[in-house]
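Protein chains in written order, with the working numbering: chain A, 1 to 274; chain B, 1 to 372; chain C, 1 to 273.
To keep things clear, I will list the structure first and then write my remarks on it.
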Amino acid sequence: MSGGRPGRLAALIAALVAVFLLMPLIAVIPVSFTPNRYLSVPSGAWSLRHYRDLITNPGWGQAVWLSIRIGLLSSVVATTLALFFSLGIWMLRPRFATVLMGIALLPMVAPPVVSALTLYFLLVSLSQFNSVVAYDTLPGVALAHAVMIAPFAVVLITVALAQVDRRIDLAARAMGAGVLTRVTRVILPNIRFGVLTAFFLTFVLSWEEIGVTIFVTSVNVITLPRMMWMGLRDNIDPAIAAISVVLIVIVVTVILAKTAVQILQRRRSARKTA
Amino acid sequence: MVASLDLTLSGSWKGRGLQNIKAAEIGAEGIGKRFGSFAALDDISLTIGRGEFLTLLGPSGSGKTTFLMILAGFEPATFGRLTLDGRDVTKMPAEERAFGMVFQGYALFPHMTVEQNIAFPLKVQRRSAAEVRRRVAEMVEMVGLGGHGHKRPAGLSGGQQQRVALARALAYEPPVLLLDEPFSALDKNLRGQMQDEVRRLHRETGTTFVFVTHDQSEALALSSRVAIFDHGKLQQLASPQEVYERPANRFVAEFLGDINILPLTDVAPDAAGACGRFEGGVIRAAAGAGCVSGLLAVRPEYMRLSEAAPDGNAVCARIDEVIYLGAETRLELRTRGGIALTLSVATAALPQGLRQGAEIWAGWPEEQGFFL
Amino acid sequence: MSNATRTFVLLGPLLAFIGLTYLVPFLGVMRWSVTLPEPGLGQYQAALSDPLILSVLVRTLRICTLVTLFSVLAAYAVTLIWVRGSPAQRLAIELCILIPFWISVLTRAFGWLALLSNRGILNEWLQSLGILSEPLTLVRNEFGVIVGMTHYLIPFAVFPLASAMRNLDERALMAARGMGASRARVFRNVFVPMTAAGILGAALVVFVFALGFFVTPAILGGGRSVMVAELIYLYIFQIPNWGLAAAVSVILMVAVGVLLALLMRVMRPPVPR
Chain A
1 MSGGRPGRLA
11 ALIAALVAVF
21 LLMPLIAVIP
31 VSFTPNRYLS
41 VPSGAWSLRH
51 YRDLITNPGW
61 GQAVWLSIRI
71 GLLSSVVATT
81 LALFFSLGIW
91 MLRPRFATVL
101 MGIALLPMVA
111 PPVVSALTLY
121 FLLVSLSQFN
131 SVVAYDTLPG
141 VALAHAVMIA
151 PFAVVLITVA
161 LAQVDRRIDL
171 AARAMGAGVL
181 TRVTRVILPN
191 IRFGVLTAFF
201 LTFVLSWEEI
211 GVTIFVTSVN
221 VITLPRMMWM
231 GLRDNIDPAI
241 AAISVVLIVI
251 VVTVILAKTA
261 VQILQRRRSA
271 RKTA
Chain B
1 MVASLDLTLS
11 GSWKGRGLQN
21 IKAAEIGAEG
31 IGKRFGSFAA
41 LDDISLTIGR
51 GEFLTLLGPS
61 GSGKTTFLMI
71 LAGFEPATFG
81 RLTLDGRDVT
91 KMPAEERAFG
101 MVFQGYALFP
111 HMTVEQNIAF
121 PLKVQRRSAA
131 EVRRRVAEMV
141 EMVGLGGHGH
151 KRPAGLSGGQ
161 QQRVALARAL
171 AYEPPVLLLD
181 EPFSALDKNL
191 RGQMQDEVRR
201 LHRETGTTFV
211 FVTHDQSEAL
221 ALSSRVAIFD
231 HGKLQQLASP
241 QEVYERPANR
251 FVAEFLGDIN
261 ILPLTDVAPD
271 AAGACGRFEG
281 GVIRAAAGAG
291 CVSGLLAVRP
301 EYMRLSEAAP
311 DGNAVCARID
321 EVIYLGAETR
331 LELRTRGGIA
341 LTLSVATAAL
351 PQGLRQGAEI
361 WAGWPEEQGF
371 FL
Chain C
1 MSNATRTFVL
11 LGPLLAFIGL
21 TYLVPFLGVM
31 RWSVTLPEPG
41 LGQYQAALSD
51 PLILSVLVRT
61 LRICTLVTLF
71 SVLAAYAVTL
81 IWVRGSPAQR
91 LAIELCILIP
101 FWISVLTRAF
111 GWLALLSNRG
121 ILNEWLQSLG
131 ILSEPLTLVR
141 NEFGVIVGMT
151 HYLIPFAVFP
161 LASAMRNLDE
171 RALMAARGMG
181 ASRARVFRNV
191 FVPMTAAGIL
201 GAALVVFVFA
211 LGFFVTPAIL
221 GGGRSVMVAE
231 LIYLYIFQIP
241 NWGLAAAVSV
251 ILMVAVGVLL
261 ALLMRVMRPP
271 VPR
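And the structure:
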């Protein structure tokens with residue numbers, strides 16, 4: 001163990017766990033080619049009817065487009081608010097920073113169902129005053145998503161800021177730079193990557209959000225996860241398998257591409273230093 | 001090029017009034033700093049003269065860095081008043097004071113090139129593009145980094161990064177340059193070179209330099225005056241020679257180099273200074289000030305060895321340890337009364353046949369002993 | 001800008017946002033719990049005495065405990081290889097953790113349905129081999145819920161364990177080996193205790209997460225093994241009793257608050273001196 005590799009037993013258990021982790025994702029693939037209208041494994045005849053259904057049923061396209069709009073709206077709001085907040089904590093180091101941080105992270109640490117009920121209460125209450133930001137409307141769902149994902153943006157941007165040498169900010173101040181200059185010319189260029197990651201992650205979280213969405217939508221706002229949820233609850237629609245395969249392919253492609261780029265970069269930098 | 005960067009900086013440069021003062025005088029009156037009930041600084045009063053090179057020296061936790069942070073405006077003082085050329089700046093924030101500052105670990109902007117780093121303070125001050133270009137070129141030349149202007153800090157060595165930090169801090173001719181342990185990350189040879197560099201920059205710019213270090217030899221080598229801190233108090237403020245040869249108290253004496261302290265008895269001032277008794281012998285000191293303490297201090301390098309009792313001040317001691325240090329040899333001695341002494345002797349002048357356990361006499365001139 | 005203005009401009013927006021969209025509505029939920037259908041603590045009394053609700057709470061605790069146990073054990077083995085394995089092993093494990101992590105909880109739950117349901121891959125296969133004559137009921141029951149939740153939560157247990165294993169002082173392991181301890185002994189008596197805080201942290205994260213979990217149990221439990229989160233959903237949308245739903249939510253929030261306070265205490269590094 002010391003300095004060395006873990007033993008064979010550990011590797012074997014890890015391999016079993018890895019299989020367990022991938023198994024349900026792989027299982028989706030054959031099911032998506034079933035010719036039947038119910039969940040089943042194709043025996044003999046394979047069919048593309050459920051993939052065709054994704055294209056011919058306009059509901060799927062509408063759901064995807066709706067999810068993209070909600071995702072963009074909520075992640076822009078969440079990332080912007082989180083950026084201001086994290087910068088404030090980092091630059092000003094207020095006295096009750098931990099308490100303030102706790103408030104900012106509350107929607108992330110509270111049980112999801114409690115958050116869902118709370119946001120249901122919020123949107124039902126808002127519905128009594130207006131019909132724009134309300135229960136079962138796009139802005140309403142985007143608002144609820146923004147609340148749920150903002151803490152993740154706070155965490156990511158705070159982590160990015162923690163990597164920044166505080167002295168470069170002090171140096172800028174010592175040279176007479178005001179807050180705006182410090183933020184735009186000194187701090188932001190050094191946390192660019194963290195902010196982009198926060199934006200990307202919050203978008204994905206909104207794109208996948210289902211727990212809260214079930215509570216704050218009914219018939220008008222059908223996001224992609226909401227549509228899948230409806231197809232999963234009672235009679236299982238094999239179209240869910242088709243859309244799942246599409247989503248899995250996207251995720252796997254992105255992750256493999258990212259890993260490949262990382263490996264190439266590592267090799268290149270290794271060659272440079274050698 | 002620098003001009004093509006076109007950084008439209010939106011700095012709140014309110015310190016324009018200070019801009020053309022080449023060197024400023026700083027006054028601190030009764031500066032104190034408390035963190036809760038802990039007094040990090042206690043009643044510091046001093047004046048830093050125009051164009052002076054003042055070093056704040058002390059062990060870690062002595063309050064020297066806190067004092068520098070108060071000077072820079074990063075930390076508010078709990079008590080006291082700070083003036084810049086007679087103007088009260090106690091409440092002025094750091095960005096308005098705009099003292100140049102060089103940090104431990106350089107604090108260069110990693111996303112900017114050398115030129116962009118140096119141009120930054122000039123752009124904050126909204127100097128014209130032509131002036132920024134001229135000044136950056138001047139500074140790059142001044143610190144000997146010609147040809148490195150387009151590199152990022154990560155591509156430079158430690159010494160080069162330090163030069164960029166100095167150039168950046170001096171580029172806009174700040175009234176005061178504050179340096180916070182700037183050489184602590186450098187190895188010994190480079191440290192010597194950078195000390196020469198800082199001394200030269202101080203001479204060429206004429207700016208007031210305030211330098212923080214815990215390295216006593218660095219402090220003695222660079223400064224016009226040294227302020228020694230301990231436990232949040234200013235222990236002594238004087239020229240390097242004076243703090244070394246006439247330390248104000250036992251802490252200063254022991255902090256700066258080695259010192260031998262002899263507790264004398266029956267001390268009395270006399271016409272020539274003071275005299276007292278030590279282990280049966282009579283010891284005289286040319287300066288009688290402070291003799292009531294009875295503690296006579298003598299730097300090891302002023303002590304001379306002899307086999308027989310010499311004329312004048314001397315004590316008899318046994319050799320505990322002979323430590324060869326190259327050009328010098330250190331001897332650890334113990335007097336008959338058990339007082340430990342240290343001597344530094346040029347190896348070339350070392351008497352033959354010194355060995356552990358031998359008895360020997362250590363003598364010193366009257367004017368090299370002083371009371372603590 | 002004065003310091004107060006800066007604080008206000010930078011920290012104000014998010015705090016106001018969370019305050020207005022989360023804290024205030026949560027107070028509203030708390031109000032529901034003591035006013036619907038009539039003022040008083042009746043709903044709390046009902047929540048803690050009704051045999052149906054109590055059985056749901058007991059089932060929730062049982063499932064969460066088992067899921068925590070399985071997730072942390074599985075995550076420990078995976079993390080060990082991820083942090084200390086050969087470069088190829090690390091890469092393989094990293095992909096096996098990241099891919100499921102980024103895939104929607106719905107897809108993952110569906111995957112288990114495809115695999116374990118009556119006409120799913122496993123049952124079809126076992127039947128075609130003649131091992132089974134009747135399909136095994138593997139989902140729409142507690143087993144399915146535990147499998148699905150464990151699958152979902154393993155990556156969340158991996159992250160705290162990985163940080164504990166990465167921060168471990170390698171020299172302590174070498175010292176133990178140097179003193180002649182066997183590999184197994186070093187693992188059991190040095191490595192595991194040194195990552196204990198990570199294990200506890202991972203367990204609490206998983207447990208807290210599992211408590212309020214809604215989607216996976218709803219799909220894989222099929223309404224037959226209802227957990228507390230689904231109970232809240234039912235009391236809002238199926239058998240409207242908002243006061244009771246609110247009361248159960250407040251109880252859940254308090255329970256999670258207590259667990260998080262414990263977590264903070266465990267994860268806080270020992271105070272120097």
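The C-beta atom is built at its ideal place from N, Cα and C for all residues, glycine as well.
1) The beta strand (DSSP E) with LEU178 of chain B in it runs from where to where?
2) Run down chain A in chain order and give the residues with a C-beta less than 8 Å from the C-beta of ILE121 of chain C.
3) Buried or exposed for ASN86 of chain A, going by 16 or more other Cβ atoms inside 10 Å?
4) Are the beta-carbon atoms of ALA297 of chain B and ILE339 of chain B separated by less than 7 Å?
5) Which same chain residues, not among the five before or five after GLU142 of chain C, have their C-beta less than 6 Å away from its C-beta?
6) Name the residue from A:SER206, A:ALA260, A:PRO238 whose alpha carbon lies nearest to the alpha carbon of VAL41 of chain A.
7) Near VAL136 of chain B, what residues of its chain come up, given a Cβ to Cβ distance below 6 Å and the 5 sequence neighbours on each side ignored?
8) Rounded to a whole number of angstroms, what is the C-alpha to C-alpha distance between TRP82 of chain C and ARG166 of chain A?
9) With a threshold of 7 Å between beta carbons, is MET194 of chain B in contact with chain A?
10) Mapping the DSSP letters down to three states, classify PHE214 of chain C as helix, strand or coil.
11) Between LEU119 of chain A and PHE20 of chain A, what straight-line distance do the alpha-carbon atoms span, to the nearest angstrom?
12) So TRP60 of chain A contacts chain C; which residues on that side make the cut at Cβ distance below 9 Å?
13) According to DSSP, is MET101 of chain B helix, strand or coil?
14) Is ILE248 of chain A helix, strand or coil when you go by DSSP?
15) Run the CB neighbour count on ASP88 of chain B, radius 10 Å, all protein chains shown included, and call it buried at 16 or more, exposed below.
16) How about LEU54 of chain B and VAL210 of chain B: do their beta carbons lie closer than 7 Å?
17) Secondary structure at TRP364 of chain B, three-state DSSP: helix, strand or coil?
18) How would you label THR265 of chain B, buried or exposed, when you count the other beta carbons within 10 angstroms and need 16 or more for buried?
19) For ILE21 of chain B, which residues from the same chain have a beta carbon less than 6 Å from its beta carbon, with the 5 sequence-adjacent residues on both sides left out?
20) With H, G and I counted as helix, E and B as strand and the rest as coil, what does DSSP make of PHE156 of chain C?
21) Alpha carbons only, please: which of C:ALA4, C:GLN89, C:GLY19 is nearest the one belonging to PRO6 of chain A?
22) With distances taken from CA atoms, which of C:MET194, C:VAL145, C:ILE199, C:GLY198 is nearest ARG62 of chain C?
23) When Cβ atoms are compared, which residues of the region 115-136 of chain B fall closer than 8 Å to chain A?
24) In terms of alpha-carbon separation, which member of C:LEU263, C:VAL147, C:PHE101 lies closest to PHE70 of chain C?
25) To the nearest angstrom, how far is the alpha carbon of GLU204 of chain B from that of ASP196 of chain B?
26) Ignore the nearest five residues each way along the sequence and tell me which others in ILE248 of chain A's own chain have a CB closer than 7 Å to its CB.
27) LEU234 of chain B bridges to which residues according to DSSP?
28) Around the C-beta of GLN43 of chain C, are 16 or more other C-beta atoms found within 10 angstroms, so that it is buried, or is it exposed?
29) Buried or exposed: which applies to GLN161 of chain B, given that a residue is buried once 16 or more other Cβ atoms fall within 10 Å of its Cβ?
30) Would you list, in sequence order, the uninterrupted beta strand (DSSP E) runs of no fewer than 3 residues that lie entirely inside the region 69-103 of chain B?
31) VAL139 of chain C and LEU116 of chain C: beta carbons closer than 7 Å?
32) Tell me the rounded alpha-carbon separation between LEU166 of chain B and GLY80 of chain B.
33) Spatial neighbours of LEU48 of chain A within its chain, please: CB distance less than 8 Å, with the 5 preceding and 5 following residues excluded, ordered by chain position.
34) Would TRP32 of chain C be called buried (16 or more neighbouring beta carbons within 10 Å of its own) or exposed?
35) Which whole runs of the beta strand (DSSP E) in the region 185-210 of chain A are 3 residues long or more, in chain order?
36) Rounded to whole angstroms, what's the CA-CA distance from VAL192 of chain C to LEU252 of chain C? Just pull it up for me.
Short version:
1) The residue you call residue 178 of chain B lines up with position 178 of the second sequence. Its beta strand (DSSP E) spans residues 176-180.
2) Indexing the third sequence from 1 puts residue 121 of chain C at position 121. Per Cβ cutoff of 8 Å: ALA27, PRO30, VAL31, VAL41.
3) Your numbering for residue 86 of chain A matches position 86 in the first sequence. A small fix is needed here, since residue 86 of chain A is Ser in this sequence, not Asn. Buried: at least 16 other Cβ atoms inside 10 Å.
4) On the second sequence, residue 297 of chain B is found 297 positions in, with the first residue counted as 1. On the second sequence, residue 339 of chain B is found 339 positions in, with the first residue counted as 1. Not closer than 7 Å, so no.
5) Mapped onto the third sequence, residue 142 of chain C falls at position 142. Once the five neighbours on either side are set aside, the close Cβ partners of GLU142 of chain C are SER225.
6) The count along the first sequence starts at 1 and reaches residue 41 of chain A at position 41. Looking at the Cα atoms, A:PRO238 is the closest of the given residues.
7) Start at 1 with the first residue of the second sequence, and residue 136 of chain B comes out as number 136. Cβ within range, chain order: VAL2, GLU115, ILE118, ALA119.
8) Residue numbering aside, residue 82 of chain C sits at position 82 when the third sequence is read from its first letter. Residue numbering aside, residue 166 of chain A sits at position 166 when the first sequence is read from its first letter. Their Cα atoms are separated by approximately 32 Å.
9) Start at 1 with the first residue of the second sequence, and residue 194 of chain B comes out as number 194. Judged by the 7 Å Cβ criterion, MET194 of chain B is not in contact with chain A.
10) For the purposes of this step, residue 214 of chain C is taken as the residue at position 214 of the third sequence. Three-state DSSP puts PHE214 of chain C in coil, outside helix and strand.
11) In the first sequence, the residue the question calls residue 119 of chain A occupies position 119. In the first sequence, the residue the question calls residue 20 of chain A occupies position 20. About 35 Å.
12) In the first sequence, residue 60 of chain A corresponds to position 60, counting from 1. Result: empty, since nearest Cβ-Cβ is about 14 Å, beyond 9 Å.
13) Indexing the second sequence from 1 puts residue 101 of chain B at position 101. Strand at MET101 of chain B.
14) As a position in the first sequence, residue 248 of chain A is number 248, starting the count at 1. Of the three classes helix, strand and coil, the one that applies to ILE248 of chain A here is helix, per DSSP.
15) Residue numbering aside, residue 88 of chain B sits at position 88 when the second sequence is read from its first letter. So ASP88 of chain B ends up on the exposed side.
16) Residue numbering aside, residue 54 of chain B sits at position 54 when the second sequence is read from its first letter. Residue numbering aside, residue 210 of chain B sits at position 210 when the second sequence is read from its first letter. Going by C-beta atoms, LEU54 of chain B is nearer than 7 Å to VAL210 of chain B.
17) To locate residue 364 of chain B, count along the second sequence from 1; it is residue 364. Of the three classes helix, strand and coil, the one that applies to TRP364 of chain B here is strand, per DSSP.
18) Here residue 265 of chain B is taken as the residue at index 265 of the second sequence, counted from 1. By the 10 Å Cβ count, THR265 of chain B comes out exposed.
19) Position 21 of the second sequence holds residue 21 of chain B. For ILE21 of chain B, the predicted structure reports a pLDDT of 45, less than 50, and the residue's modelled location is therefore unreliable. The matter cannot be settled from this model.
20) For the purposes of this step, residue 156 of chain C is identified with residue 156 of the third sequence, where counting begins at 1. Of the three classes helix, strand and coil, the one that applies to PHE156 of chain C here is helix, per DSSP.
21) Here residue 6 of chain A corresponds to residue number 6 of the first sequence, with the count starting at 1. When each option's Cα is compared against that of PRO6 of chain A, the closest is C:GLN89.
22) Working through the third sequence from its first residue, we reach residue 62 of chain C at position 62. For ARG62 of chain C, the nearest C-alpha among the options comes from C:VAL145.
23) PHE120, PRO121, VAL124, GLN125
24) Within the third sequence, numbered from 1, the residue matching residue 70 of chain C stands at position 70. Ranking the options by Cα distance to PHE70 of chain C, first place goes to C:VAL147.
25) Residue 204 of chain B sits at position 204 when you count from the first residue of the second sequence. Residue 196 of chain B sits at position 196 when you count from the first residue of the second sequence. When rounded, the distance between both Cα atoms is 12 Å.
26) By one-based count along the first sequence, residue 248 of chain A stands at place 248. If we look at ILE248 of chain A and ignore the five residues flanking it on each side, its Cβ neighbours are LEU25, VAL28.
27) Within the second sequence, numbered from 1, the residue matching residue 234 of chain B stands at position 234. B:PHE229, per the DSSP bridge assignment.
28) Taking the third sequence and counting its residues from 1, the one referred to as residue 43 of chain C is at position 43. So GLN43 of chain C ends up on the buried side.
29) Here residue 161 of chain B refers to the residue found at position 161 of the second sequence. So GLN161 of chain B counts as buried.
30) DSSP runs (the beta strand (DSSP E)) wholly in the region 69-103 of chain B: 79-84, 100-102.
31) If you number the third sequence from 1, residue 139 of chain C lands on position 139. If you number the third sequence from 1, residue 116 of chain C lands on position 116. Cβ atoms of VAL139 of chain C and LEU116 of chain C: closer than 7 Å.
32) Taking the second sequence and counting its residues from 1, one reaches residue 166 of chain B at position 166. Taking the second sequence and counting its residues from 1, one reaches residue 80 of chain B at position 80. Roughly 30 Å between the two C-alpha positions.
33) By one-based count along the first sequence, residue 48 of chain A stands at place 48. Result list for LEU48 of chain A: PHE33, in chain order.
34) Numbered from its first residue, the third sequence carries residue 32 of chain C at position 32. So TRP32 of chain C counts as buried.
35) none
36) Position 192 of the third sequence holds residue 192 of chain C. Position 252 of the third sequence holds residue 252 of chain C. Cα to Cα, VAL192 of chain C sits roughly 32 Å from LEU252 of chain C.
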